[in-house]
Amino acid sequence: MTNTSFLDKIASVLIAKYADTLSNTIVVLPNKRAKIFLIEALKKQVATNIISPEIISIEDFVQNIAGIRTIDPIELLFEFYEVYLSITATANQQSFELFANWAKTLLQDFNEIDRYLLDPSHVLSYLKDIEDIKKWGIEVENKTALLEKYIDFWKLLPNYYQSLYTHLLNKGIGYQGLIYREAVHNINHFSNSLHDKKFVFAGFNALNAAEEKIIQHLIASDQAKIYWDADQTFLNDPYHDAGLFVRRFKENWKHYKLHPFEWIVNDFSQTKNIQVIGTPKTIGQAKIAGSIIENIINESQSLGTDGTLDKVAVVLGEENLLVPLLYSLPSSVGALNITMGYSSKNNPAQILTAKLFKMHTNALSRNAKSYVLYYKDILDILTHPLVEPYAKTSALVQTINQNNYTFITHHKLMELNGIPSEIFLLLFQKWEKGSIPVLETISKLLQTIKGNLSNDNEEEKITKAFVFAIFKVINKLINYYSKHEHIDKIETLYAIYKQVIDLAEVSFEGEPLNGLQIMGVLESRVLDFETVIVTSMNEGKFPAGKSQNSFIPYDVKRELGLPTFKEKDAIYTYHFYHLLQRAKNIYLIYNTESEGLDAGEKSRFITQLEVEKQKNHTLTHEIYNALLPETAYQPMVIPKSERVMLRLKEIAEKGFSPSAMTSYIRNPIQFYFQKILRISEVEEVEENIALNTLGTIIHETLKVLYEPFIDKFISESDILNCFKQIDTEVLKQFKLVYKEGEIKKGRNLLAFEVAKRNVSNFLKVELESIKNGDAIKIIALEQTFERIINHPNLPFPVLIKGNVDRIEERNGIIRIIDYKTGKVEKASVTLKSWKGLTEDIKSDKIIQVLAYAYMYEHDAKGKPIEAGIISFKNLKAGFLAFNFKEINEINAIINEEILGNYLEQMVLLLSEILDENIPFEEKLI
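The working numbering numbers the first residue of the sequence shown as 1 and each following residue consecutively.
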C-alpha cells in the first residue's frame, strides 16, 4: 500500500532469504485478512511464477499444532452444561438459564488460565480461599443454606474445570485456551515432525504465555524467525503503552540476549498531517467521513491522478456507524471493500424471527391451553415486508383493525382467516411440542420465504442472503438441541437464540485489494495506509474502556500475570498508533456530546497526541456543527387548482358541515387533507376506548332512551323507566360501537362505568327539571338539518348541513342542544363581538350551535330559539346557552339580528374558502 509497508518488507525478506524453500515456508500472521495483502506484496516483487509460502493466522497455526477443533461459545456452553449435570447432585442442579448466567463468565476465566498456562487448581483454589477469608468471621451456627451453597460453588470450581477439560479433550474439541495449552504440550512432537519446515512470524504485538512459549521454542530450535513492527518512538519510551508488550519481549526473551531485535523502525516521527474533528452525534461523524473522502477524490482528480482510494482506510471505532457511513459516501467512490459483517440486529429475517419468538412466548406465558395472541404481535408479523406480500392476509388485518380485537385465541385467528396460506400456517403453528419442532417450523418458514424471493431482482437477491444467514443459525440450533434434548424450554431457546444471533453476520462482497477500505479496529492489524480516517474517538469506544467480566479479582490477576484492563488498553493503544505509524494524512473524528447513549469524553489518545506532539506532526483541532436553518419549518402553502375548485363546488352542493368550517379555521391544511383529498385516519385497533368513541356511545344511548318520547312531553315516570335501561343500553351500544374490544377489565371497564355514570347524571338533571315544573317536549334526536346560503359574495350557492343531537321545546322556547363529553365552560358560548368570529378557533362551539339555529330557523315557525351545549363534565352548570353580551345586557334568545350577523360572518369564511386566489396555508400551532 505505502511503498515501505510492513508487508512489503516481509515479502522482500521471504524472496531474499527463503527463495529456495518458499514452498516449505509457513508465514504466521495475527489475522487471516493480512494474507491477501502479503500475497499481493509478493506478486509485486517477483517477475516469474513462484510457489507461494503457506500463510496462516496464529489461531489456525496453534489449532494445527494441537490437532483439536475449535467450537463456538454456544456449543461450549451446551457441553459445559452436560458436564455440570453429570457432576452435580440432582437436588442441586440449576436450570440452563440460571447456569448460563455464571457459566459464561467462568468459561472466560478458564480460557484465560489456559492461554497463560497457569496451574488451574492453584488459581481456582486461590479464589475459594479468598471467599473463605471474606466469610471468616461468621460463626458456624450463623451460616445459612444460601451461604453454604455459595462457599460450595467456589470449592467445586477445580472439579468443573478438570471435568470439562477431560470431556472436551475426549471429543477432540475445545475452546481457545484449551487448544493453546494442548499445543504447548504438543510442540516438541510438532517441531520434530516438521523439521524441514521454516516458520516466519510477522506483525505481532501482544502474545499470551502459550504463544510466547510456542514461538520461542521454534526460534530456539532454529525453525523460525520473528519480525516485529516496532517503532522506536514507542519502544524507547518506558511509559508508552503502544510499546508495552514489545519492550517486555525484547528484555525477557533469551533469544535477544545474543541476537538483534528485528525490526525497529522510525516511521511515526515522520511528517504527518493530523486533523482532529469533533462533531455532535454518530450521524455527524459519518457525514464528515463522507465529505473527507469526497475531498480526497476531488483533490486527486484536480492533480491529474486517477482518484483511486486504494491507500485510504476508514476505521470504525463503533460498528453501528457502518450503515450511516455507507449512506454518506459520495457516488464517485467506485470500488469499496468492507471487512466488517452487517450486524444481524438489522437483518429483516432476524427481526421477523425475533417477533415470532415474542408472539409465541407471550402466548405460552399467558395461557398455553387457550393460546391467546396479542393483536400487536400478530399485526407486527402480518405486516412484515417478508410476510405481507405473500401471506394473503390483508382482509384479516382489516378485520382485526375494524373490530378492535385486542387478544385473539389461536382458534379464533384460524376462524377469521378461512383459507390460510402455507406461510400463514407456518407463522401461527402452535409452539407446543418442544424446541426442535419449533426450530424446524422456523427453518421451513425461512425456506418458504427464500422460495418467494427472485434471483432476477437485485434487492431480493440481497434479502435472500439475509434469510440464508438466519437459516444457518436456526439449523445450528437444531444441531445443538438434537444433541442436548433435555434443555427443552421455549424461554431457554429464545435466550440462546438471542446470543447465537450475534454470530449471524452477513458478509459484504468486495474486492479486498481495490478501492476504499472500511474496517474495524482489529482488521487493521499489520496493514498500512497513506490516509486514515478513524471515527468514534471517544472514551469507552476507542479505547473500549474497563469491563470486569471475571471471577478473578484485579489484584490476583496482577499477581498471576493474567491480563488486566491495563494490558487491554495497551493492545488498543498499539492498534491505534500502528494505524498512524506510516500514514501521512490522519483524520480523527469524535463525538462532542458528553452525555447520551453513544457519547463520552474525547479519547485519551487524542490528548496523548497533543501532549506528546512530534516535531514533524502538524496537528489541528476543529469542531464541526451542522448548519441550522433560520426557519426550522416552512409552512405548507397549496394553491387552489381547477380540480380543487371542482371539489369545493361538490362539497358546497352536498353540504358544508359546521365541523368542516371549524376545521378550516383550526388549520386550512387539515381541511385540505380531510375534505379536498379525502384522506381519512388510518384504521387501527382501539385498545383503549378513545374519547370520541366514548362520546358516540353516550350519544347513541341517549338517543335510544329518548326515542319513545319524540313529539311527547316527558313525565317523571318516563325518566325513572330510563334509569332501569341504562346498564343494558350502554352495554349494547359498547358492543355496537366498540365491537370485539375488551370492556370487562382495565381502562375500558372504567370507561364503561364513566359512560353509565354520565347517562345517569344527565337523567338526574332532567328529572330535577321536570320536578321543578319544566314542560319538556322532544322534537328531534340525532336528526340532520340543512339550509342553502345564497349570497352575492359567494361564487355559487352553499348548502350548510349538520346533525343535531337534540331539539326540544321547553316551556314554550325551542332549545337546540349539542352534547359534549369533554368539559365546556360558559365562556365558550359567550360572544362579545362579531368581529373576528371566524378567525379564532376558540369560537368553534359558537359557530357550531349558531349553525344549528340558522338551519332550524324556518322549522321553529316564529317560536323563540336558544341553542347551546350540555357538557357531561360540567353538568352542574346545566344547559350552557349561546349568549350575546353587549355592555351589561345579555341576550340568550337567538333573534333575526343575531342570525343576520352570524350569516355575514359565515359568508366571510365561505368566500375565503371558495376564493381560488387564496391558497390553503398551514397554520403552525
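Think of the CB as a built atom: it goes at the ideal place given N, C-alpha and C, for glycine as much as any other residue.
The structure displayed is predicted, hence computed values, not measured ones.
Buried versus exposed, by CB contacts within 10 Å (16 or more), Glu610: exposed
When the Cα atoms are used, what is the spatial distance from Glu131 to Trp154? For Glu131 and Trp154, the distance between alpha carbons rounds to 8 Å.
If we ignore side chains and look at the alpha-carbon of each, how far apart do Ser163 and Lys135 end up? Cα to Cα, Ser163 sits roughly 28 Å from Lys135.
Closer than 6 Å by C-beta to Glu485: which residues in its own chain qualify, once you throw out the five before and the five after it? Chain order, please. none
Whole-number beta carbon distance between Val556 and Tyr126, since they are thought to touch under 8 Å: The C-beta separation of Tyr126 from Val556 comes to about 6 Å, placing the pair in contact by the 8 Å criterion.
Reference Ala504; option with closest CA among His259, Ala632, Asp129 and Ser343: Among His259, Ala632, Asp129 and Ser343, the Cα nearest to that of Ala504 is on Ser343.
Going straight from the alpha carbon of Gln581 to that of Thr531, what length do you get? 11 Å
Sort Leu453, Asp502 and Leu439 by Cα distance to Lys489 and report the nearest one. Leu439
Please identify the residue among Ser291, Ile36 and Ala230 whose C-alpha is closest to the C-alpha of Phe261. Ala230
Please list the terminal residues of the continuous beta strand (DSSP E) segment that includes His621. His617 to Ile623
Suppose the cutoff is 6 Å on Cβ atoms and the five residues either side in sequence are ignored; what does the same chain contact list for Phe357 look like? Tyr494
Measuring only the C-alpha atoms, how far is Ala892 from Ala690? 33 Å
Take Leu477 and list the residues in its own chain whose beta-carbon comes closer than 6 Å to its own, dropping the five residues that flank it on each side. Here Leu477 has Leu439 as same chain residues with Cβ atoms under 6 Å from its own Cβ, once five neighbours each way along the sequence are excluded.
How close, in whole Å, do the beta carbons of Ile173 and Arg69 come, if the pair is a contact with beta carbons under 8 Å? 5 Å
Three-way DSSP call (helix, strand, coil) for Arg33 in this model: coil
Do Met636 and Leu588 come within 9 Å of each other at the CB atom, strictly closer than that value? No, the Cβ-Cβ distance between Leu588 and Met636 is not below 9 Å.
Which same chain residues end up closer than 7 Å to Met855 when comparing Cβ atoms and leaving out the 5 residues on each side of it in sequence? Contacts found: Phe785, Glu786, Arg787, Ile800 and Gly802.
Same chain, Cβ closer than 8 Å to Tyr18, five either side skipped, listed in chain order: Thr25, Pro53, Lys198 and Val200
Please classify Ala626 as buried or exposed, where buried requires at least 16 other C-beta atoms within 10 Å of its C-beta. exposed
Excluding sequence positions up to five away, which residues of its chain have a Cβ less than 7 Å from the Cβ of Tyr902? Leu850 and Tyr854
Pair within 9 Å by beta-carbon distance, Ser435 and Ile487: yes
At what residues does the beta strand (DSSP E) containing Asp818 begin and finish? Ile813 to Lys820
Which residues DSSP lists as bridging Met519, in chain order: Partner(s): Val315.
Tell me whether Phe37 is buried or exposed, calling it buried when 16 or more other Cβ atoms sit within 10 Å of its Cβ. Buried is the call here.
Quick one: is Phe190 buried, meaning 16 or more other Cβ sit within 10 Å of its Cβ, or exposed? That one is buried.
Hey, out of Glu740, Tyr175, Val46 and Met645, whose CA is closest to Asn917's CA? Met645
So if DSSP puts Val798 in a beta bridge, which residue, or which two residues, is it bridged to? Ile789
Classify Gln301: buried if its beta carbon has 16 or more other beta carbons within 10 angstroms, exposed otherwise. exposed
Note the first and the last residue of the continuous beta strand (DSSP E) segment covering Ser871. Ile865 to Ser871
Comparing alpha-carbon positions, which option in Gly812, Ile679 and Ile870 lies nearest Lys861? Gly812
Sub-9 Å separation of Gln614 and Thr233 beta-carbons: yes
9 Å Cβ cutoff met for Ala349 and Leu386: yes
Which residue's Cα is closest to the Cα of Val506: Arg525, Phe471, Leu513 and Ile776? Phe471
Tell me where the beta strand (DSSP E) around Phe885 begins and ends. In the sequence on display, residue 885 carries Lys and not Phe. Where Lys885 is concerned, the enclosing beta strand (DSSP E) stretches over Asn883 to Glu886.
According to DSSP, which residues form a beta bridge with Ile278? Before going further, note that residue 278 is Gly rather than Ile in the sequence given. Per DSSP, Tyr590 and Ile623.
When the Cα of Asn514 is compared with those of Val521, Val312 and Val184, which residue comes out closest? That would be Val312, whose Cα lies nearest to the Cα of Asn514.
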